[in-house]
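> Sharing a structure here in structure tokens format.
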Amino acid sequence: MANLWYKNAIVYCVDVKSFMDSNGDGTGDFIGLADRLDHLERLGVTCIWLNPFYPSPRRDNGYDISDYYGIDPALGTLGDFVEFIQAAEDRGMRVIVDLVVNHTSDQHHWFQSARADRASPYRDWYVWRDEKPDSITDGIVFPGVQKATWTYDQTAKAWYMHRFYKFQPDLNTTNPAVRQEILKIMGFWLALGVSGFRVDAVPFLIEPRGVLTDKPVADPHALLTEIHDFLSWRKAEAILLAEANINYEEAPSYFAAGDRMTMVFDFSGNEQLFLSLARETAAPLRHALAVRPEPGGMGQWAVFLRNHDELNLGGLTEQERQECFARFGPEPDMQIYERGLRRRLAPMLDGDPARLKMAFSLLLALPGTPVIWYGDEIGMGEDLSLHEREAVRTPMQWSPHPNGGFSTAPKKHLVRPVVDSGEFGYHKVNAAMETQHRNSFFHAIADMVSARRSAPEIGWGGVHIIDIGDDEVLVLSSSWRGARIITAHNFSSKPKVFHLAEEGIDELMPMLTESPSGPLRGDSEISLSPHGYCWLRCNGERR
Ligand code: GLC
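So that you can map any letter, position 401 of the sequence shown is 447 in this note's numbering, and since no number is skipped, the others follow by simple counting.
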């Protein structure tokens, strides 16, 4: 019997080097993270997703890996990693890690060997061309920053392909030896206790390399099946969470009902969610939910508000994107790659607790598994003086102490500066203050997480959208095994009152509301304040 734990999971993404520094060297580490698991436990997290922590020149925040079988020495040792896994397990939390195998760092010894010698066994692990490709700028991922997708290497005397920055040469994933190595990397981390992988850049990983090279691949998705099969043989309950910014039409080929990717991030839904927040109407998100394909079988969507990258609005129309820019990031410096915003959630929503709580409640009420970016649960802000996406990766703000309690190192030694001024500076926004006060934003989010964990209808069940004749309110009904939960979210700045015109509801038991109240009759009026939300269990059933 498969263990579908991820369907009701609360995933929390951590950048270890920015989370907690235990030894005062200015860089967060595994001992620090293990020490702060109480915070995650209080929030109700059940699964931690670690951003890359492997040895790396760190030119792309560790997504440029130079050794797949180790730990960046500044973050700790393999021993520290295993201790951390154990500490997480003791608290009932699973850990998933980034699997970044579309490319390596150019410092990886495979690439160093491949470029130095045409006869190297690693030469064919990368994608080369002797002649300059017709276009060396096709398929740039970071427009405005990245200059090319092919670069000439003087040592190799050939051009190599790189979907991302030029220091990230693409692996030739059509090479059986490379595929074998990918499985070996997975096996290694599984043996150390991880519960699966967030798979980086999946569309590029399986891209018919023939699009960019002269070696077409017969069945590119076969790689995903191979990875999945290996995973389930080694550890049946482990999962694959795909980073794949794809159209809904493509999703079924990624999921294959969970036989390829267990979960896929819902990037399309994410941008419609932000368009809805910008327009103060649920209509765009409602439409996305209506057309979003069912993952089928074991599959599940992963939903999120913000992540470690830019808020990617590339799938919106130009006019829609400009609306989002105007509302959430009007300054050119807040925008990035001609398509996104390099901002955190709280500043985008003006630090307004009502809007922020509504956004979190919505995240937890959406069909799929929620993924939270560290620091968003206390309302942290960004630092636009940092380059590109680094803006949203500043150290966790733990307390009003120097460096926000993140590190005892001198400020100039910190891996990144802590946000130390303004409305979102650590004096005003920090975990210690948030956890101390019962009425804080953090506790409101923790209550929502707890409601979500006690509502398997949302994670496991099917959803249908209830039309209440008002586009500004999103009403979802999630059902599972005869139990049902109704959630309502008001996107507008106006109070709302509505009736549920639904059959078969005699009584509604409030689970999560802005103000506590007793059971309601099924035909009662439901009121929401501006940007209000409520969760109601039907027919008073208690689980
Ligand atoms: C993914 C990551 C991003 C990284 C890129 C290259 O898109 O989310 O942070 O820069 O892959 O590895």
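Positions of the beta carbon are idealized from the N, C-alpha and C atoms, including for glycine. Note that this is a predicted model, so its numbers are computed, not measured.
With 16 other CB atoms within 10 Å as the buried threshold, where does R589 fall?
In this prediction, R589 has a pLDDT of 48, which is less than 50 and means its spatial position is unreliable; nothing more can be read from the coordinates.
> Give the C-beta separation of P98 and I111 to the nearest angstrom, bearing in mind that I take them to be a contact with Cβ-Cβ under 8 Å.
The Cβ separation is near 6 Å, so the contact holds.
> What residues in its chain sit with their C-beta under 7 Å from that of R332, if we drop five residues either side in the sequence?
Same-chain partners within the cutoff: I511 and L520.
> If L402 and A392 are in contact, beta carbons under 8 Å, what's the gap, nearest whole angstrom?
Rounded, the Cβ-Cβ distance is 6 Å, consistent with contact.
> Please look up how many angstroms separate the CB atoms of A328 and E518, rounded, as I've assumed it's under 8 Å.
About 6 Å separates the two Cβ atoms, so the contact holds.
> What is the DSSP secondary structure of R589, reduced to helix, strand or coil?
Its pLDDT being 48, under 50, R589 is placed unreliably in this model, and the value from its coordinates should be taken loosely. Looking at R589 - three-state DSSP - the assignment turns out to be coil, as it is neither helix nor strand.
> Check whether the stretch 296-308 and the stretch 362-377 are in contact - that is, three or more C-beta pairs closer than 8 Å.
Contact fails: fewer than three Cβ-Cβ distances are below 8 Å.
> According to DSSP, is P456 helix, strand or coil?
P456: coil per DSSP, three-state reduction.
> Starting from the N-terminal side, write out each stretch of the beta strand (DSSP E) that is 3 residues or longer and does not extend beyond the stretch 339-368.
As far as the stretch 339-368 is concerned, its whole beta strand (DSSP E) runs of at least 3 residues are 346-350.
> Taking 7 Å as the cut-off, is the beta-carbon of V141 closer than that to any non-hydrogen atom of the ligand GLC?
It does not: the Cβ of V141 is nowhere closer than 7 Å to a heavy atom of the ligand GLC.
> Does the stretch 547-566 come close enough to the stretch 574-586 to have 3 or more Cβ pairs within less than 8 Å?
Short answer: they touch.
> Taking contact to mean 3 or more Cβ pairs, one atom from each stretch, closer than 8 Å, check whether the stretch 439-447 and the stretch 63-73 are in contact.
Yes, they touch.
> In the structure shown, what three-state DSSP assignment does S299 receive?
Of the three classes helix, strand and coil, the one that applies to S299 here is helix, per DSSP.
> So, P215 versus F276, is the Cβ gap smaller than 8 Å?
No. Outside cutoff.
> Would A55 and T415 qualify as a contact pair, given that the criterion is a beta-carbon distance under 8 Å?
Cβ distance < 8 Å, so A55 and T415 count as in contact.
> Please classify L387: does DSSP put it in a helix, a strand, or coil?
Reduced to three states, the DSSP call for L387 is strand.
> Who does C93 pair with in a DSSP beta bridge?
Note: C93 sits in a beta bridge opposite V57 and R140.
> For the candidate residues I504, G90 and F210, whose alpha-carbon lies nearest to that of P413?
If we check each option's Cα against that of P413, I504 comes out closest.
> Between the stretch 264-282 and the stretch 221-240, do three or more beta carbon pairs fall short of 8 Å?
Because the criterion of three Cβ pairs below 8 Å is met, the stretch 264-282 and the stretch 221-240 touch.
> Write down every uninterrupted run of the alpha helix (DSSP H) in the stretch 502-558 whose length is 4 residues or greater and which is fully enclosed by it, in chain order.
Segments of the alpha helix (DSSP H) lying fully in the stretch 502-558: 502-506.
> Take D163 as the anchor and find which of H154, R140 and T201 has the nearest alpha-carbon.
It is T201 whose Cα lies nearest to the Cα of D163.
> Looking at V146 and the ligand GLC, is the gap between the Cβ and the nearest heavy atom below 7 Å?
Yes; taking the cut-off as 7 Å, the Cβ of V146 has a heavy atom of the ligand GLC nearer than that.
> Evaluate the contact criterion for the stretch 167-177 versus the stretch 127-134: three or more CB pairs, one atom per stretch, below 8 Å.
No contact exists between the stretch 167-177 and the stretch 127-134.
> Any residue with its Cβ nearer than 5 Å to a heavy atom of the ligand GLC should be included. What is that list in chain order?
Matched residues: D106, Y109, F210, D246, A247 and D355.
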